[in-house]
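Engineer:
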Amino acid sequence: MLDRIALHQTRLRTPGISLDAKGVALGAKGLVLLPSIDRLVGFLALYSSGAPLGDILASLSIDVVRSRLGNREVVVSFAAEGSDRMDRVAEVARLSGGYTFTGTKRHFVQYRDAAAPFGYDVREIAPTDAPLALNHSQFSQHYEYERKIDLGALLLRLEPRVAPSTADDPGGRWICAEAGLGPALIQYFVRSQVAADVGVAEWPPASEFEQGPLRRFLFRLDELPKRMTPLMRSTPGIHVFVPHGLNAAVEAGFEHPINLRACPVFPTDSLVLFRGNGMQPIRVDKLPVLGPVVSFARVSLHQNTPPAGARGAPLSAVSVPLRLAPDTDPWRDVAATRVTPRDLGLLRQIAYRLGTRTLQQTRIAFTQEGAYLVRDQGIESLPVGDFFRRLHPQIFVSAGYTAVPAVAPEVLFRALGAPSEQLVFLHQDGMSIGIREDAFVTLEDALVDALGWSGTTHERIVPMLSVELPVLTLESPGFRPLRDVQPVDEEGG
Amino acid sequence: MSELGERAEALAEQVIQPLLVGGKLSPLRPFGARLALTLGEGRRIVDNDLRTRVDNARLRVARTIVAVDLVPELDVHEWALAAMFNDLLQATNHELSSWATRGRHDALAQAVAAACDRLPPCRDLAAAVARHATFSRALEVARVDTRVSWWTGSETFRGQEAPTRLLAWPGLRRVGVQRTTVTLAAMAPGSFVSAGAYVHALGRWISASPLSDLASAARSSPPFAWSSSTVSLVSVVAGANLALRAIRHHARDGRALRAASHALETAAAALAPGAQNVALAFVRQLQAGAEQWASSEDA
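Residue numbers (the numbering used here), protein chains in the order written: chain P, 1 to 493; chain Z, 494 to 792.
And the structure:
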């Protein structure tokens, strides 16, 4: 059974659970227990409808677990990070019929709810060899892991449902045409002056009886004219897809149960086209080279000699200084903060509230500009100072800002001279600070002052009344006992 | 450690420690005034255990008269007083001289008295409390003399154990052992130091710790005499309060308090008029306090 955690309670019995800055019991992981795959899909659909799964995707693990009684359930585990994320997960899990837990390794305890705003703690840890022990206010159950569920595979197995309104959604389209229809479609687009890119994708033969690889034409359009929509959707062998994210698209008129935009699970160079009407999705493992359809238009050659080529100008002719521009995207990878000397007192006060793990994982370096704190797992637990998000393993940019021109982090790193063993902090006010990595020490080493201590000796406490009397013992003072004693006259002088 | 350092450490172990916590007190070779007055310069007890015991015992005494949590370590004057006390005890040691050098005893006693005169008075109340904390038990020092008698004779051992050979076959030899405790003030008789020189030196030495001097005012020998240190101490309210507490703590009953009051009043007669008024005011304060303490104890 569980105990509610009281305000200002400091000791917890559940291993791997600690109190965060808000006093909420939290472990390193969050866990959602769902009774079936249907509920799992519901949970993912609900979660992805409001927030991207990318935040938890790196640590997301979906497992089918089996209790000792043999019933199978689904467990979704992820890095807890903070109570804000956990609160959202708990709400979604509650809506989808699941239970939310938090813990670190084996023992998980029910996450906080309205009855226990600071969470729960187990009254007594039940000894078990099971790899997963869940403690809920209504039950305690031990589970064995049975198999993993790959999120990408799950998404591929889910069949899109009919959603006629999506056919008219504005925006780009993917069109997949069978090999025989491709050239005609190219000419059709060229004649209609529709801007489109085309490529040919190949798949290995479906069976030994087929002679060559399976080929399909892929068209990418920024916009499909409305007049063409009925033709495209009604022509057999041609499928129109609405893009959902960079690597996925769903057939027009259908909708995937899970918001694919929020699930960047497919490889970067690939493309997955989800077809409706019970058809298998089309997977393009490596996106083919796409070229404009106008390349296939009729060409005519000039009779004149080709013009002389222009000489290349030096690169500096277009180089521009790096600037930071406000960014409206949600903050991600906020992994550093700068605490100005004025706020160091606040940091000292907060330090008393930090958990052991935070103190161990946070590194700090003291500079003239203030103290820089870096925590790879996220700096949210230190609500003080100016936050920085990690743009590159060695580059941090003020949170809420982005570097313009929007070059790749590696390019930016090279532009900064690729400083080795330096962490570069780009401030919103244009200041750039580089700090050697060996200047960072763990926060727990920096926090505690050298404690002064002094050795002492123990004393046996003797009651006053039992103190002995001093007893004079006379012995011979030796040869010439008065050799240090001068006569009174001399001493007076 | 230098020879002087070793002697200082031995002084702390064999004289100061027994003076504070009791036990066997074995005086060292006499220091003399010059050495005594410079012995404690920049010095502290090296042995941590010993220093802790000494400091704790001093603190225990200091707390009987004032609420303090710390008594400063032995200063140069306390080291000097300890060395002088050592010399004073050696003046009564019959082994100090041979038949040809009996004058050593008086010379040593006079040297102690002269050294006490050169010792500066307490610079503040804290110093007075510290000296009292160290030397308040000095008058409790006693010597055990053993007189062994047998069927053909007897022998007396001053401050020494009788040899076992004299105690052998007690039944056959009809051995009788008689032990007598001799207090510090009574150690002169029977030794080679003249009583006058010894009592004078002891009185001068006690007056160097004014609180101890006042606390033991009821003693019979050496008789209490007001000194500039004691008069200046009781002339301030805080010093008078400390002295009252010391006297009350030292006196076992009302009779001892009255004896102390009488001794103080009698000794005040020898003072100049201004100092006499201060001393008599303190005596009246002590008498009033004694009545109040008696009534509170009765209640």
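In this text, a Cβ means the ideal position worked out from N, Cα and C, and glycines have one as well.
Please state the DSSP three-state secondary structure of G152 of chain P.
Structural biologist: helix
Engineer: What does P523 of chain Z touch in chain P if you count any residue whose Cβ is under 8 Å from its own?
Structural biologist: P477, P481, L482, D484, V485
Engineer: Between E144 of chain P and V76 of chain P, how many whole angstroms is the CB-CB distance? I'm expecting something under 8 Å.
Structural biologist: Cβ atoms of E144 of chain P and V76 of chain P stay farther apart than 8 Å, at about 17 Å.
Engineer: Nearest to G345 of chain P by CA position, among P:W331, P:T328, P:G370, P:R323, is which residue?
Structural biologist: P:G370
Engineer: Output yes if chain P places a C-beta closer than 8 Å to the C-beta of S702 of chain Z; else output no.
Structural biologist: no
Engineer: Mind checking who W786 of chain Z pairs with in its DSSP beta bridge?
Structural biologist: According to DSSP, which records beta bridges pairwise, W786 of chain Z is partnered with nothing at all.
Engineer: Here's the rule I'm using: 16 or more other beta-carbon atoms within 10 Å means buried, otherwise exposed. How should Y99 of chain P be labelled?
Structural biologist: buried
Engineer: Taking DSSP as the reference, what is the three-state secondary structure of R394 of chain P?
Structural biologist: Residue identity differs from the one stated: residue 394 of chain P is Gln in this sequence, not Arg. Here Q394 of chain P carries a coil assignment [DSSP, helix/strand/coil].
Engineer: Tell me which same chain residues have a C-beta within less than 7 Å of the C-beta of A325 of chain P, skipping the five on either side of it?
Structural biologist: Y401, T402, V404
Engineer: Given a threshold of 16 other Cβ atoms within 10 Å of its Cβ, counted over all protein chains shown, does S476 of chain P qualify as buried or as exposed?
Structural biologist: S476 of chain P comes out exposed.
Engineer: Give, in chain order, every residue of the region 500-513 of chain Z whose Cβ lies closer than 7 Å to some Cβ of chain P.
Structural biologist: Against chain P - using a Cβ distance shorter than 7 Å - the residues of the region 500-513 of chain Z are P511, L512.
Engineer: Return helix, strand or coil for H8 of chain P, following the three-state DSSP convention.
Structural biologist: coil
Engineer: Among P:D3, P:V190, P:G27, which has the Cα closest to the Cα of T356 of chain P?
Structural biologist: P:G27
Engineer: With three or more beta-carbon pairs closer than 8 Å as the criterion, would you say the region 164-171 of chain P touches the region 187-196 of chain P?
Structural biologist: Flag = no, the region 164-171 of chain P and the region 187-196 of chain P do not touch.
Engineer: Can at least three beta-carbon pairs, one atom from the region 117-128 of chain P and one from the region 4-16 of chain P, be found at a separation below 8 Å?
Structural biologist: yes
Engineer: Suppose the cutoff is 8 Å on Cβ atoms and the five residues either side in sequence are ignored; what does the same chain contact list for I350 of chain P look like?
Structural biologist: When the five nearest sequence neighbours on each side are left out, the beta carbons in the same chain lying within less than 8 Å of the beta carbon of I350 of chain P are those of A21, L382, P383, V384, in order along the chain.
Engineer: Starting from V374 of chain P, follow the beta strand (DSSP E) in both directions and report where the run begins and ends.
Structural biologist: 370-374
Engineer: Compare the C-beta of L695 of chain Z against all C-beta atoms of chain P and say whether one is closer than 8 Å.
Structural biologist: No, L695 of chain Z does not count as interfacial toward chain P.
Engineer: Under the three-state reduction of DSSP, which class applies to P236 of chain P: helix, strand or coil?
Structural biologist: coil
Engineer: Per the contact definition of three or more C-beta pairs closer than 8 Å, is the region 627-644 of chain Z in contact with the region 520-528 of chain Z?
Structural biologist: no
Engineer: Here's a check: name, in chain order, each residue in its chain whose Cβ is nearer than 7 Å to the Cβ of P257 of chain P, leaving out the five neighbours to either side.
Structural biologist: V41, A45, L158, R161
Engineer: Answer with buried or exposed for Q671 of chain Z, where buried requires no fewer than 16 other C-beta atoms within 10 angstroms of its C-beta.
Structural biologist: exposed
Engineer: Can G278 of chain P and F254 of chain P be called in contact, C-beta distance under 8 Å?
Structural biologist: no
Engineer: Taking a cut of 7 Å between CB atoms, which residues from the region 620-654 of chain Z lie near chain P?
Structural biologist: R630, E633, V634, A635, R636, V637, R651, G652, Q653
Engineer: Taking L563 of chain Z as the query, report the chain A residues whose CB atoms sit under 9 Å from its CB, ordered along the chain.
Structural biologist: This model lacks chain A altogether; the protein chains it does include are P and Z.
Engineer: Give a yes or no on whether 8 Å exceeds the smallest Cβ distance from L528 of chain Z to chain P.
Structural biologist: yes
Engineer: Spell out a yes or no on whether the region 586-604 of chain Z and the region 690-707 of chain Z are touching, meaning 3 or more CB-CB pairs, one atom from each, closer than 8 Å.
Structural biologist: Counting C-beta pairs with one atom in each stretch, the region 586-604 of chain Z and the region 690-707 of chain Z have three or more that are closer than 8 Å, which means they touch.
Engineer: Report all residues from its chain with a CB closer than 6 Å to the CB of V293 of chain P; omit the five preceding and five following residues, and keep chain order.
Structural biologist: I186, F189, V190, A196, V198
Engineer: Could you say which of Z:A763, Z:T676, Z:A752, Z:A731 lies nearest to T585 of chain Z if we only look at CA atoms?
Structural biologist: Z:T676
Engineer: What residue from P:R68, P:A126, P:L95 has the CA that sits closest to V109 of chain P's CA?
Structural biologist: P:A126
Engineer: Would you grab the beta carbon distance between R173 of chain P and L224 of chain P for me? Rounded to a whole angstrom, and I think it's under 8 Å.
Structural biologist: 5 Å
Engineer: Answer yes or no: do L416 of chain P and P264 of chain P have a C-beta to C-beta separation smaller than 8 Å?
Structural biologist: no
Engineer: Which one of Z:Q507, Z:D548, Z:A701 has the shortest CA to CA distance from T473 of chain P?
Structural biologist: Z:Q507
Engineer: Quick one: using the 10 Å Cβ neighbour count with 16 as the cut-off for buried, is T723 of chain Z buried or exposed?
Structural biologist: buried
Engineer: Going by DSSP, what residue range makes up the alpha helix (DSSP H) through E502 of chain Z?
Structural biologist: 496-504
Engineer: For chain P, check one thing: does any of its Cβ atoms lie closer than 8 Å to the Cβ of Q583 of chain Z?
Structural biologist: yes
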